[in-house]
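S.K.: In the numbering used here, the protein residues as written are 1 to 82.
Using N, Cα and C, we set each Cβ at its ideal position, and we do this for glycine too.
Got a structure for you, questions after.
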Amino acid sequence: MSMADLIPTLDDEGLANLRANAQRLENSDVARQAEQAAALLPLIDAELADRLSRVPPKAPPKPRAKKVAVQVAGDYEDDNEP
Numbered sequence: 001m002s003m004a005d006l007i008p009t010l011d012d013e014g015l016a017n018l019r020a021n022a023q024r025l026e027n028s029d030v031a032r033q034a035e036q037a038a039a040l041l042p043l044i045d046a047e048l049a050d051r052l053s054r055v056p057p058k059a060p061p062k063p064r065a066k067k068v069a070v071q072v073a074g075d076y077e078d079d080n081e082p
């Protein structure tokens, strides 16, 4: 099984690691490694884009209720007390 076939089976962390390694190897002095890395990067990027497109959008924040001042019992002066 080739690395290209494994890309869809990787979890997000594994895919991020593979992308970092491919990016590093793209500048390798070993021509074969650089070619393979250059071939994998577009496939990795396409998989990342596909995964991002499937993430549901965040729900908008709910409006906060305004605080209303409430008078607490015993918190006021009563003129009728002895």
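Helix, strand or coil for residue 47 per DSSP?
M.R.: Note: residue 47 maps to helix in three-state DSSP.
S.K.: How big is the Cα-Cα spacing for residue 49 and residue 65?
M.R.: Rounded to the nearest angstrom, the two C-alpha atoms are 38 Å apart.
S.K.: Should the region 20-27 be regarded as contacting the region 36-54, the criterion being three or more beta carbon pairs within less than 8 Å?
M.R.: Taking 8 Å as the limit for Cβ pairs, the verdict is that the region 36-54 does touch the region 20-27.
S.K.: Alpha carbon to alpha carbon, how far is residue 32 from residue 47?
M.R.: Cα-Cα distance, rounded: 23 Å.
S.K.: Just the Cα atoms here: how many angstroms apart are residue 60 and residue 12?
M.R.: About 25 Å.
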